[in-house]
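Numbering (the numbering used here), first residue to last: 1154 to 1238.
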C-alpha cells in the first residue's frame, strides 16, 4: 500500500521507492503499510515499522548472516539448519 506514507501501487512503485531510498539513512524508521486478504473477501491493512539498514545482495544464491539477529531470528536460523527427521 505505502512506504513511508508514499503510495506504492503499480504506477508509483519505482518512483516512490527510489525517492524513499534516496532520502533514508541507516537507523531511520522505515514504515511499510501492506494489505492482506482476509477471510471475509476484503483486505486488512498492517503497518510494519523497523529501523532501515542497507543490505547489499551479492548474489541471488547466497545467504548472509544478519549483523544483530533477534532471538526469534536466531531460533529460526537454528531450526532451519536442523536435519529433517
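Where is the CB? At the ideal position from N, CA and C, for every residue including glycine.
Beta-carbon proximity of residue i to residue j, cut-off 7 Å
i            : j            : result
residue 1196 : residue 1190 : yes
residue 1174 : residue 1156 : no
residue 1206 : residue 1170 : no
Straight-line gap, residue i to residue j (C-alpha atoms, nearest Å)
i            : j            : result
residue 1215 : residue 1209 : 11 Å
residue 1161 : residue 1233 : 32 Å
residue 1165 : residue 1236 : 44 Å
residue 1200 : residue 1181 : 16 Å
residue 1198 : residue 1211 : 32 Å
residue 1219 : residue 1213 : 16 Å
residue 1227 : residue 1217 : 13 Å
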